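This report refers to the structure that appears directly beneath it.
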Amino acid sequence: MDIAVRNASNGLWSILRSSDGGNTLFGWSAAANDIPVPADYDGDGKADFAVYNTASGGWSIIRSSDGGLTYKAWGGPGWIPVPADYDGDGKADIAVYNPSNGLWSILRSSDGGNTLVGLGGAPQDIPLN
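Taken in order, the sequence shown gives residues 1129 to 1257; the numbers are from the working numbering.
Written out as structure tokens, the structure reads:
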């Protein structure tokens, strides 16, 4: 895995490549409400560029396998993104946690279904995946 940062003011990603120590600069997603959520959403073994918009609940993912863009509305204002491979298919699932009521909503990449789990909901709860 490579070390990376994203400048929220201009959307510039800076990636320190583990393969050769070089630096890759990539400009994408300068929205103030976007937070990075890189993960392997397409199952090719490489992390994909991805952001979650905290205002709209929209996910934007640039797939490393083909460079295509996936957009999915999943979540909403105040929800926290928690992507991980919850269904064990080798792909990260789009998932969010609502701290106001403790509801987890997981969009399974294996079949497109939705898993809802209620766990947490106290103001001090922090979702872990």
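We put the beta carbon where it would ideally sit given N, CA and C, even for glycine.
This structure is a prediction, so every number in the text was calculated from the model and none was measured.
Rounded distance between the beta-carbons of residue j and residue i, thought under 8 Å
i	j	result
R1236	Y1214	7 Å
A1167	A1175	6 Å
G1186	Y1199	6 Å
S1142	V1133	5 Å
L1140	G1150	Not confirmed; about 16 Å, so no contact.
Span of the beta strand (DSSP E), counted from its first residue to its last, around residue i
i	result
G1246	1242-1246
G1155	1151-1155
I1222	1222-1226
I1234	1231-1235
Inter-residue Cα distance where the pair is residue i and residue j
i	j	result
Y1169	A1158	21 Å
A1220	R1145	22 Å
Y1180	L1197	13 Å
A1160	F1177	16 Å
L1153	I1131	12 Å
G1246	A1136	32 Å
Residues of its chain near residue i, where Cβ-Cβ distance is below 8 Å and the 5 sequence neighbours each way are ignored
i	result
N1228	Looking at the sequence itself, residue 1228 is Ser, so the reference to Asn does not match. The answer, listed in chain order, is G1206, G1249.
D1253	P1227, G1230
N1242	S1233, I1234, L1235, R1236
Same chain only: Cβ atoms within 6 Å of residue i, ignoring 5 sequence neighbours per side
i	result
G1171	G1218, K1219
Sequence-distant residues of its chain with Cβ nearer than 7 Å to residue i (five each side left out)
i	result
V1210	A1223, V1224, Y1225, P1255, N1257
S1193	D1170, D1172
Bridge partner(s) assigned by DSSP for residue i
i	result
T1198	I1189
D1162	N1181
I1131	L1144
A1167	D1176
Closer than 8 Å to chain D by CB, residue i
i	result
I1143	Reference to chain D is not applicable here, since this structure consists of a single protein chain.
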